[in-house]
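Everything in the first sequence is counted per this note's numbering, starting at 96 for the first residue and increasing by one. Every residue gets a Cβ at the ideal spot worked out from N, C-alpha and C, and that includes glycine.
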Amino acid sequence: MSVNNNEIADIFSRYADLLEIEDANPFRVRAYRNAARFISDYPKSMAALLSTGENLDELPTIGKDLASRIRTIVETGTLPELESTRAKTPATLVELLQIEGLGPKRVRTLHCELGISNIDDLKRALRRGSIRALRGFGVKTEQRIREALAEIGGMQQRIPLIRAEAAAKPLLDYLAANPATQQVTIAGSYRRRRETVGDLDILVTAESEKNITGYLSAYEDIEEILALGQTRARLRLRSRIIVDLRVVPPSSYGAALNYFTGSRNHAIAMRKRAIARGLKLNEYGLFKGDRPIAGDTEKDLYGALSLPYIEPELRENTGELEAAEQHKLPHLVALKDIRGDLHCHTNASDGHDSVQELANAARKKGYEYLSINDHSQRVTVAHGLDKKTLLDQIRSIDKLNEKLDGITLLKSTEVDILEDGSLDLPDAVLRELDFTVCAIHSKFHLPEVKQTERILRAMDNRCFNILAHPHGRLINRRRPYLINLEVVMRGALERGCYLEVNAHPERLDLNGEGCRLARDLRLKVAISTDSHRIADLEYMRFGLDQARRGWLEKQDVLNTRPLEELRQLLARH
DNA sequence: GCCGTTTTCGGCCCGACTGTTTTCAGTCG
Numbered sequence: 096m097s098v099n100n101n102e103i104a105d106i107f108s109r110y111a112d113l114l115e116i117e118d119a120n121p122f123r124v125r126a127y128r129n130a131a132r133f134i135s136d137y138p139k140s141m142a143a144l145l146s147t148g149e150n151l152d153e154l155p156t157i158g159k160d161l162a163s164r165i166r167t168i169v170e171t172g173t174l175p176e177l178e179s180t181r182a183k184t185p186a187t188l189v190e191l192l193q194i195e196g197l198g199p200k201r202v203r204t205l206h207c208e209l210g211i212s213n214i215d216d217l218k219r220a221l222r223r224g225s226i227r228a229l230r231g232f233g234v235k236t237e238q239r240i241r242e243a244l245a246e247i248g249g250m251q252q253r254i255p256l257i258r259a260e261a262a263a264k265p266l267l268d269y270l271a272a273n274p275a276t277q278q279v280t281i282a283g284s285y286r287r288r289r290e291t292v293g294d295l296d297i298l299v300t301a302e303s304e305k306n307i308t309g310y311l312s313a314y315e316d317i318e319e320i321l322a323l324g325q326t327r328a329r330l331r332l333r334s335r336i337i338v339d340l341r342v343v344p345p346s347s348y349g350a351a352l353n354y355f356t357g358s359r360n361h362a363i364a365m366r367k368r369a370i371a372r373g374l375k376l377n378e379y380g381l382f383k384g385d386r387p388i389a390g391d392t393e394k395d396l397y398g399a400l401s402l403p404y405i406e407p408e409l410r411e412n413t414g415e416l417e418a419a420e421q422h423k424l425p426h427l428v429a430l431k432d433i434r435g436d437l438h439c440h441t442n443a444s445d446g447h448d449s450v451q452e453l454a455n456a457a458r459k460k461g462y463e464y465l466s467i468n469d470h471s472q473r474v475t476v477a478h479g480l481d482k483k484t485l486l487d488q489i490r491s492i493d494k495l496n497e498k499l500d501g502i503t504l505l506k507s508t509e510v511d512i513l514e515d516g517s518l519d520l521p522d523a524v525l526r527e528l529d530f531t532v533c534a535i536h537s538k539f540h541l542p543e544v545k546q547t548e549r550i551l552r553a554m555d556n557r558c559f560n561i562l563a564h565p566h567g568r569l570i571n572r573r574r575p576y577l578i579n580l581e582v583v584m585r586g587a588l589e590r591g592c593y594l595e596v597n598a599h600p601e602r603l604d605l606n607g608e609g610c611r612l613a614r615d616l617r618l619k620v621a622i623s624t625d626s627h628r629i630a631d632l633e634y635m636r637f638g639l640d641q642a643r644r645g646w647l648e649k650q651d652v653l654n655t656r657p658l659e660e661l662r663q664l665l666a667r668h
């Protein structure tokens with residue numbers, strides 16, 4: 096079992112935590128953190144690079160030393176320094192850092208003064224009340240630690256984007272209703288359209304900062320105010336979502352929006368770029384000495400750093416600044432480019448509406464085509480269609496198409512990929528369809544190699560066209576099953592198959608990283624909603640978010656193509 | 001520990017808020 100990038104990144108960041116507690120050179124700590132972030136974002140596996148003899152120290156943030164540590168981790172699965180339970184700084188101290196309000200300095204103090212090495216020790220010290228007496232601590236800090244410790248059990252999961260939107264809307268309306276407010280925008284990973292967000296970063300501009308945060312603190316849906324200053328506030332809503340509010344003057348809107356949109360790495364890269372030009376960048380603007388030279392809009396800010404505007408979805412410091420410099424930024428696919436939906440269910444299986452009703456709704460959206468993809472027989476819980484029912488549906492769609500004006504219904508299915516890689520309906524029936532969407536709904540726990548082979552074997556069938564929700568994950572509910580995505584994508588390319596970007600907000604599968612890999616391999620994708628009712632057709636925009644995060648352009652997406660071109664692309668030769 | 005249009009040493013992103021202090025360290029984003 097090879098070590099994946101996330102595991103390496105995790106070991107590096109835990110080691111960075113430990114170094115920080117040891118009061119090591121902060122820049123050495125940062126080097127580990129930078130490398131951890133780089134590695135977890137990097138699309139190619141470190142283990143694979145090593146096996147092909149690549150020099151890892153040529154990668155950014157990785158030097159000779161870290162390259163050899165990566166090698167150690169890949170070969171042994173661990174880093175000896177992190178495993179050792181040294182008396183000076185036991186590795187278990189790292190677990191104390193997840194307690195809000197405890198950073199490396201305080202953890203170090205707790206360890207040196209009270210001999211606390213883990214969470215159980217900390218609980219005992221709290222019961223004795225011995226923490227408040229430490230220098231730099233006090234009654235309030237002790238109480239905060241007690242509360243934060245209680246929180247840890249029910250650790251907050253990241254919030255799906257759609258839930259964040261629902262919580263944000265009334266809050267934005269509330270903030271906008273304040274006459275002092277000029278602009279209100281949500282920044283952070285929400286604006287970068289990550290599939291989940293950790294909290295809501297809300298930016299407000301106002302001529303006078305006075306009382307914007309005070310106004311917010313009167314919002315009815317607040318559970319607790321965590322911090323309240325003139326220009327910043329942090330609070331928890333009753334929905335458990337944490338909100339960070341920042342107030343800046345309008346002249347700083349662009350700089351603040353840029354900074355608070357992040358990503359952290361993108362913002363840092365921007366600041367370094369400013370420094371290289373003898374300038375200073377902070378959330379109030381871009382400055383030459385004390386003189387502001389840009390900051391009211393993001394476009395001006397990028398321009399002042401000799402860059403074109405970079406879309407928020409690209410701001411992960413994964414090559415967008417270099418691409419911008421060379422004027423090679425992608426022209427990102429947009430919702431208006433979408434001509435149809437290639438995955439939806441009707442009331443014939445587990446959907447809510449009829450074929451006719453869905454067709455009407457899609458036509459109203461201006462779609463040129465819509466495909467009908469009810470489940471196949473194996474998925475009994477979803478009333479999957481058997482051979483006969485599907486053939487009946489095919490005939491009724493043919494009839495409906497003769498009547499329909501302005502939209503074409505495509506005959507399809509979401510056919511199950513069985514454990515041996517065969518498809519759940521006879522080829523003779525599948526050949527009657529315009530194309531197929533194929534999916535795994537069983538045997539999620541196969542080892543990676545087996546699961547990958549299962550998909551490739553299914554793709555060997557010439558009736559296979561699009562792999563639906565390639566990882567099968569449900570956000571916060573079901574882990575992805577294990578596949579080697581790159582192998583699956585290369586297999587699809589060789590056979591003339593495609594992958595789906597499932598736009599359902601619970602799935603978002605492929606996500607941005609998966610889309611980026613597809614782009615690098617020049618594999619086209621379908622962005623599809625997996626609608627089970629008419630309203631779900633609106634989920635298309637969430638799929639677009641992920642496609643844009645993966646740098647996809649219009650021509651990379653199947654369902655931006657006119658119907659005839661789509662048919663040609665789907666036809667396997 | 002990394003890195004280079006101030007290159008092989010000497011830098012390394014920056015500001016707000018809180019609590020504990022009495023001018024600031026620690027934490028956070």
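Whose CA, out of the options, lies closest to the CA of residue i?
i	options	result
I337	G349, Q325, G324 and E319	E319
E260	V292, N99, N273 and R239	V292
K545	N579, N99 and L639	N579
A322	R132, L256, L340 and D316	L340
F539	Q472, R568 and L505	R568
E417	I405, L427, H426 and S212	I405
A457	L504, Q488, Q641 and S334	L504
A104	Y137, G233 and G501	Y137
L541	I561, I317, R574 and D152	R574
L562	V169, N468, L632 and M365	N468
E589	V596, K619 and A220	K619
G390	N213, A369 and L409	A369
A119	R203, S466, L577 and E463	R203
D537	V510, P657, L603 and E290	In the sequence as displayed, the identity of residue 537 is Ser instead of Asp. It is V510 whose Cα lies nearest to the Cα of S537.
L205	I116, P274 and E170	I116
Y348	V279, A630, R331 and Y464	V279
Kindly indicate which three-state DSSP category residue i falls into: helix, strand or coil?
i	result
Q421	coil
L605	coil
Y464	strand
L541	coil
G586	helix
C207	helix
A598	coil
R386	strand
R617	coil
R435	Going by the sequence as given, residue 435 is Gly instead of Arg. G435: strand per DSSP, three-state reduction.
L504	strand
S401	coil
S517	coil
Any idea which residues DSSP pairs residue i with across the strands?
i	result
Q723	Absent from the structure is residue 723, since the part of the chain shown begins at 96 and ends at 668.
T300	Q278 and V343
D511	A534
S471	L480
T291	P255
S626	C439
Just reading off the beta strand (DSSP E) that residue i is part of, what are its end residues?
i	result
L376	K375 to N377
L639	Not the beta strand (DSSP E): L639 falls in the alpha helix (DSSP H), residues M635 to R644.
A313	Run containing A313: none; DSSP gives neither H nor E here.
F382	G380 to K383
I622	V620 to S623
L177	Looking at the DSSP string, L177 is not in any beta strand (DSSP E); the run it does join, the alpha helix (DSSP H), is P175 to E178.
A228	Element bounds for A228: n/a, residue is neither H nor E.
R458	Premise fails: R458 lies in the alpha helix (DSSP H), V450 to K459, not in any beta strand (DSSP E).
L525	Element bounds for L525: not the beta strand (DSSP E) but the alpha helix (DSSP H), D522 to L525.
Starting from residue i, trace the alpha helix (DSSP H) in both directions and tell me its first and last residue.
i	result
T356	Y348 to T356
D136	P121 to D136
E260	L256 to A271
I116	N100 to I116
L219	The displayed chain sequence assigns Arg, not Leu, to residue 219. Where R219 is concerned, the enclosing alpha helix (DSSP H) stretches over I214 to R223.
T171	K159 to T171
L569	Counting along the chain, L569 falls outside any alpha helix (DSSP H), and DSSP gives it neither H nor E.
Assuming residue i and residue j are in contact, meaning their beta carbons sit under 8 Å apart, how far apart are those beta carbons, in whole angstroms?
i	j	result
N412	H361	5 Å
L381	L396	6 Å
A130	F107	6 Å
T54	L229	Within the shown structure, residues of the chain are numbered from 96 to 668, placing residue 54 beyond reach of any answer.
P344	E393	About 16 Å separates the two Cβ atoms, so there is no contact after all.
A262	L330	Not confirmed; about 12 Å, so no contact.
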